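Student: One line per chain: the protein sequences are A and B, in this order. Sequential numbering from 7 applies to the first sequence in our numbering. Sequential numbering from 7 applies to the second sequence in our numbering. So that we are looking at the same thing, I have put the structure below in C-alpha cells.
Number of protein chains: 2
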Amino acid sequence: MPVNLKDVAVSAGVSVKTVSNVVNDRPYVRSDTRARVQAVIDAMGYRPNLPARQLRTGRSGLIALAVPEIDVPYFAELAGKIVRAAERRGWTVLIDMTGGERSRERRSAAGFPGDLVDGTIASPLSMTAREVAAVSKGHPLVLLGEKLAHAGSSHVGVDSVAAAADATRHLISLDRRRIAAIGAADEATGTAALRLRGYQQAMAEAGRRPQSELIGAGGLYHREDGFRAMNAMLDGPVRPDAVFCFNDLLALGAIRALHCHGLDVPRDVAVVGFDDIEDGRYNTPSLTTIAPDKDALAEAAVRLLGLRMDGASGAGQSEIRAPHHLVVRESSVAPLSPSGRGRLAAARLGPAGARAGALGLDAARAGGRAAGNRSPGGGADRRGGGDR
Amino acid sequence: MPVNLKDVAVSAGVSVKTVSNVVNDRPYVRSDTRARVQAVIDAMGYRPNLPARQLRTGRSGLIALAVPEIDVPYFAELAGKIVRAAERRGWTVLIDMTGGERSRERRSAAGFPGDLVDGTIASPLSMTAREVAAVSKGHPLVLLGEKLAHAGSSHVGVDSVAAAADATRHLISLDRRRIAAIGAADEATGTAALRLRGYQQAMAEAGRRPQSELIGAGGLYHREDGFRAMNAMLDGPVRPDAVFCFNDLLALGAIRALHCHGLDVPRDVAVVGFDDIEDGRYNTPSLTTIAPDKDALAEAAVRLLGLRMDGASGAGQSEIRAPHHLVVRESSVAPLSPSGRGRLAAARLGPAGARAGALGLDAARAGGRAAGNRSPGGGADRRGGGDR
DNA sequence: CCTCAGTCTTACAACGTTGCAACATCTGGT
DNA sequence: ACCAGATGTTGCAACGTTGTAAGACTGAGG
Chain A
7 MPVNLKDVAV SAGVSVKTVS NVVNDRPYVR SDTRARVQAV IDAMGYRPNL PARQLRTGRS
67 GLIALAVPEI DVPYFAELAG KIVRAAERRG WTVLIDMTGG ERSRERRSAA GFPGDLVDGT
127 IASPLSMTAR EVAAVSKGHP LVLLGEKLAH AGSSHVGVDS VAAAADATRH LISLDRRRIA
187 AIGAADEATG TAALRLRGYQ QAMAEAGRRP QSELIGAGGL YHREDGFRAM NAMLDGPVRP
247 DAVFCFNDLL ALGAIRALHC HGLDVPRDVA VVGFDDIEDG RYNTPSLTTI APDKDALAEA
307 AVRLLGLRMD GASGAGQSEI RAPHHLVVRE SSVAPLSPSG RGRLAAARLG PAGARAGALG
367 LDAARAGGRA AGNRSPGGGA DRRGGGDR
Chain B
7 MPVNLKDVAV SAGVSVKTVS NVVNDRPYVR SDTRARVQAV IDAMGYRPNL PARQLRTGRS
67 GLIALAVPEI DVPYFAELAG KIVRAAERRG WTVLIDMTGG ERSRERRSAA GFPGDLVDGT
127 IASPLSMTAR EVAAVSKGHP LVLLGEKLAH AGSSHVGVDS VAAAADATRH LISLDRRRIA
187 AIGAADEATG TAALRLRGYQ QAMAEAGRRP QSELIGAGGL YHREDGFRAM NAMLDGPVRP
247 DAVFCFNDLL ALGAIRALHC HGLDVPRDVA VVGFDDIEDG RYNTPSLTTI APDKDALAEA
307 AVRLLGLRMD GASGAGQSEI RAPHHLVVRE SSVAPLSPSG RGRLAAARLG PAGARAGALG
367 LDAARAGGRA AGNRSPGGGA DRRGGGDR
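Given below as C-alpha cells:
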C-alpha cells in the first residue's frame, strides 16, 4: 500500500536516486525532469519513509520534551510554547510524560529508545546531576527549571531565589506581619530549596525572623497539597496574614482552604503564587503571582538545543536566565473600596493584573483600568486554539 | 559511539542474529548463551536502534495523540490518562499539538511523516469526515470527541446530547426561570451543535421555550470566551438566572464575569459547566459540571486503537460511549445556610462534589460530608506526579 | 571528429535490524 | 549405529533511504 521511491521511479521512468533528489530539492536535476517526477509523486501520493531516512542519515527531525506531568497547567502552557517555537525551526516535538520517574527521565534524556529523537528538552525531577552528565554526552540535552549543580549541561530557567525574594518583599511592603511560605521540601536542592532561600533572604533583609510554624510542605505541588498545607497551618498556633506559595496550584488550593475557614483573601490573608498560569487570572480572587517569561523560556530552550545539536556535543555548559516579574492581582491587594461591600466591591473592580514592580502600589490603578475595559486577566498574553 | 548488534555479537562470540534473539526474548536460546550475551549487552550499553527496527518490522511501538491544544486542561487531563493507558500496553505516546489546523491534523491522522507511528488517536477540529475516511484506510485511527457522521472510523466519546440535557434538567429542577446557554457555534454539527440540541431538548421537555437572547457564542471555548459571552448577555435585555456552559473553561470565565457584575453565584445565577476539569473543583464557588468518565474514555480509545492495529484495517466502524454524570457543587446549589452569611457560609461548607443523579437534592448532604473531612474536590479521582 | 568540461542521471553500497531457511547439535528410541 | 525430532545457532536477504562515485549525455572548442 505505501508508495516508495522505487514505485515512483518506475512510474516516472527515472532512477530511484533522481526521485530522491527531487524529494530533497537537490541541484543537478533538469527542470523538466523535476516537474515530471514531482507530478508522479503527487499523483501516487508518495510520502517519504521517516525510519528509513533516519536510518540512513541519522536525523529524524524530532525532538523530545520530557515533563513530569502534562496535566499540570504550568507544564502544559510551557509545552505549548515550546512546540510552537520548535515548529518555527522545522522540528516536530514529541512530548513525553515521565511522571517524575527516574527511568523514564533517563530514557527521554538519552534520546528515547535508540536515538529516536535528535535532541531532548527535559525538566527532570529525580535525575541526578551525575546521570544527566553521563547521558548528555552523546545526546543533545537542554534542562528546564532549576540548574543541577555542575551537570555540565545547557540549562534554561528563571532565577528562583530572586523571584521568590520579590514575591516575599511584595508581601512585606503590604505591611503583613506573619508571612508564611508553602512549598518547602526535604531536599537541600531544587526548586523548593531555592524558593525557600529567596523567601528567607527577603525576610532577613527586612529584619523579620521566619517562624518554622509558618513554613508548610509542598508535596507534589498540586492544588490538593496547597489545600492541605494551608488547613494544617490554620489549625496551628500561629495564624498567618500572608502566604507565599511556591507555585500557583499550591496558591489556588490555599485560597480555597482559606475560604473554607471563612477567611477573606486578601483582607485577612494575602496570597502570592508562582508561575502565572491562566487559572490564576480567572480565579476569584485573581492571583498575585511571579510570572516567568514563558515565551522567553521556550524560545531559549529551543535555541540552545539547536546549538547543541549543530555544534560539537561538547558545547560546554551554558545557562540562560529568563526574566520574571511580579503580577499584582486581587489576592494580595484589596482594591480601594470607598466604603463597605468589601468582597463584592473587589470583585466588581475586575481582576487587576498590572505589571507592577516589586511594589504593589500600582495595583489599585490597574484595577480601575481593568474595570473600565473589562479585561479579566490583565498583564499576560493570549493564545489561539480551541477546545474539542 | 553507539553500540550495535554486530559489536555485541563480535564481543560475545556469537552471531548477530543470536544477539537479536536475546534482545527480543525469543525462545531457542540456551540459557547460558543468553546469560553471556546479556552480560555483554549490559557491559557495552547496547540499546536497539528504533528506526532500523521499525524499517524492518514496520512497527515503532509509538502511537500519536493529536489534540488541538495541550494547554487546555481538558485535553491535558485526558492526554495524561491516555499516556498511562497506552503505557500499560507497552506503547509510547507521542503528543502532537495541531492547533486545530487541518494540515497538521491530517499529518497526525495519517501517521506523521512516513508512518512514524503505528496508530493515532485524534481529536479533530477541522478535519472533515471525508478526509478522515480517506486517511483512515491505511492507518489505524481512533477519533475522540463527537462522532463525525459516517466517517467509517472508530470513535470514542460521551453522549453530548444526553449530557447537555442532564445539565439543563438540573437547572430546571432548581426552578430557574431564565436558563441561558453559552457555547453555541455556527456549525450545524460537532460539539457545540450537539450540546445545544441537548439543552433545547430538555427545555422543550419541560415546556420551556428557549430565548435567542439567552444563547451565547462559545468562540474557542476558553475562559476568555466565556467571560465575554457572559458580559454581552448581561448587557442584553434579558438577565438569565442560570447558565449552562458547554465546557468548564467557558463556565469559569462566565463566573468571573458574573462576579464583576456584582452578581452572586449561585444565588443570582446558577452555573453549570461540562468536562469536570480540576480547576472547577477548586474554584470559588466550585463548579457544578458534567463529568465525563475520562478514565473510561482514555482506556476505550487505547483499546479500540489496539483492535484497529491488530485486525485488518477495515475493522469497520465501531463506537464507544463513555458514561458521564452530573457533579453538583456550589455554583448551582446554595448550601443550606441556616441563617445569613450567604456566601461565606457556602464557602465554609467546602466544595460539595457528590455524585448526584440528575437532581440536585443530594448536594446539600454531600456538602455536609465534605465539610467534615475537608475534601475540596469530591467525586473525582486523584493522580500522582509532581510539578518541576 | 575528438576532447573536455559541465550538467544531469544512474548503480551500488551502506545504515541496523529481523524473518527465513538452512545448518549444527543434542536427546532418546529403534 | 542410525534416525527422527527437538533444540540452538547461523548466514543471507531485505526493509526504504541517501552518499559516493562512476557513467551518460550535452555543447563548445580544438
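Heads up, the beta-carbon is just placed ideally off N, CA and C, and yes, glycines get one too. Bear in mind that the values here come from a model prediction, so they are computed numbers and not experimental data.
1) Just reading off the beta strand (DSSP E) that His4(B) is part of, what are its end residues?
2) Is there a Cβ of chain A sitting closer than 8 Å to that of Asn441(B), yes or no?
3) For a test of the three-state rule: what should DSSP assign to Ala460(A), helix, strand or coil?
4) Quick check: the Cα distance between Asn398(A) and Glu83(B), rounded to an integer number of angstroms?
5) Would a C-beta distance cut-off of 8 Å place Gly224(B) and Ala173(B) closer than the cut-off?
6) I'd like to check one pair, Ala260(A) with Ser338(A): are the Cβ atoms closer than 8 Å?
7) For Tyr410(A), decide whether its Cβ has a neighbour in chain B, counting only Cβ atoms nearer than 8 Å.
8) Under the rule that 16 or more other beta-carbon atoms within 10 Å means buried, what is Asn438(A), buried or exposed?
9) Since Ser166(B) and Leu220(B) are thought to touch, with beta carbons under 8 Å apart, how far apart are those beta carbons, to the nearest angstrom?
10) Report the rounded CA-to-CA distance for Gly144(B) versus Pro57(A), giving the unit in angstroms.
11) What alpha helix (DSSP H) runs, 4 residues minimum, are completely inside the stretch 88-117 of chain A?
12) Please report how far the alpha carbon of Lys12(B) lies from the alpha carbon of Thr197(A), in whole angstroms.
13) Quick one: which chain B residues come within Cβ less than 9 Å of His121(A)?
14) Evaluate Val164(A) with the Cβ neighbour count: other Cβ atoms within 10 Å of its Cβ, from every protein chain shown; 16 or more gives buried, anything less gives exposed.
15) Does Val141(A) get closer than 8 Å to chain B when you measure Cβ to Cβ?
16) Could you check whether the Cβ of Arg314(A) sits closer than 8 Å to any Cβ belonging to chain B?
17) Going by beta-carbon coordinates alone, are Ile188(B) and Val249(B) separated by less than 8 Å?
18) By how many angstroms is the C-alpha of Asp282(A) removed from the C-alpha of Tyr227(A)?
19) Can you grab the Cα-Cα spacing for the pair Leu264(B) / Leu310(A), in whole Å?
20) Going by DSSP in three states, Glu230(A) sits in which element: helix, strand or coil?
21) List in chain order: all unbroken alpha helix (DSSP H) runs of 4+ residues lying wholly within the stretch 26-100 of chain B.
22) Please determine, among Ala171(B), Ala212(B), Gln217(B) and Asp192(B), the residue with the shortest C-alpha to C-alpha distance to Gly204(B).
23) Can the beta-carbon of Tyr258(A) be found less than 8 Å from the beta-carbon of Asn237(A)?
24) Could you spell out the range, first to last residue, of the beta strand (DSSP E) harbouring Glu325(B)?
25) Ignore the nearest five residues each way along the sequence and tell me which others in Val244(A)'s own chain have a CB closer than 7 Å to its CB.
26) Using a C-beta to C-beta distance shorter than 9 Å, which residues of chain B count as neighbours of Ala304(A)?
27) Where does the unbroken alpha helix (DSSP H) through Gly196(B) begin, and where does it stop?
28) Mind the definition here: the stretch 118-131 of chain B touches the stretch 65-73 of chain B only if three or more C-beta pairs lie below 8 Å; say whether that holds.
29) Does Thr290(A) have its Cβ less than 8 Å from a Cβ in chain B?
30) Hey, is Glu426(A)'s beta-carbon within less than 8 Å of any beta-carbon in chain B?
31) Once you ignore the five residues that flank Pro291(B) on each side, which residues in its own chain have a CB closer than 6 Å to its CB?
32) Taking the C-alpha atoms as reference points, what is the distance between Glu107(A) and Arg90(B)?
33) Whole angstroms are fine: how far does the CA of Gly242(B) sit from the CA of Leu5(A)?
34) In this structure, what does DSSP give as the bridge partners for Leu122(B)?
35) Which residues, taken in chain order from the stretch 83-109 of chain A, show a beta carbon closer than 7 Å to some beta carbon of chain B?
36) With distances taken from CA atoms, which of Gly96(B), Cys266(B), Val22(B) and Leu256(B) is nearest Gly1(B)?
Tutor: A quick look at the data gives this:
1) Since the first and last residues shown for chain B are 7 and 394, residue 4(B) lies out of range.
2) In the structure as shown, chain B begins at 7 and stops at 394. Residue 441(B) is therefore absent and cannot be evaluated.
3) As displayed, chain A neither begins before 7 nor continues past 394, which places residue 460(A) out of reach and without an answer.
4) The question about residue 398(A) has no answer here: the residues shown for chain A are numbered 7 through 394.
5) no
6) no
7) Chain A is shown from 7 up to 394; residue 410(A) falls before or after that span and cannot be answered.
8) Chain A is shown from 7 up to 394; residue 438(A) falls before or after that span and cannot be answered.
9) The Cβ separation is near 20 Å, so there is no contact.
10) 17 Å
11) 108-115
12) 44 Å
13) In the sequence under discussion, the amino acid at residue 121(A) is Asp, which differs from the His named in the question. Going along chain B in sequence order, the residues near Asp121(A) (Cβ under 9 Å) are Pro8, Arg53, Asn55, Leu56 and Pro57.
14) buried
15) no
16) no
17) yes
18) 14 Å
19) 45 Å
20) helix
21) 37-50, 56-63 and 79-94
22) Ala171(B)
23) Going by the sequence as given, residue 258(A) is Leu instead of Tyr. No, the Cβ-Cβ distance between Leu258(A) and Asn237(A) is not below 8 Å.
24) Glu325 to Ala328
25) Arg184, Gln217, Glu219 and Leu220
26) By Cβ distance, chain B contributes nothing, its closest Cβ being about 12 Å from Ala304(A), past 9 Å.
27) Gly196 to Glu211
28) yes
29) yes
30) With chain A covering only 7 through 394, there is no way to say anything about residue 426(A).
31) Val271, Glu336 and Ser337
32) 13 Å
33) Absent from the model: residue 5(A). The displayed extent of chain A is 7 to 394, so no value can be given.
34) BP columns for Leu122(B) are empty, so no partner.
35) Glu83, Ala85, Gly86, Val89, Leu100, Ile101, Met103, Gly105 and Gly106
36) Lying before the first or after the last residue shown, residue 1(B) is absent from chain B, which here runs from 7 to 394.
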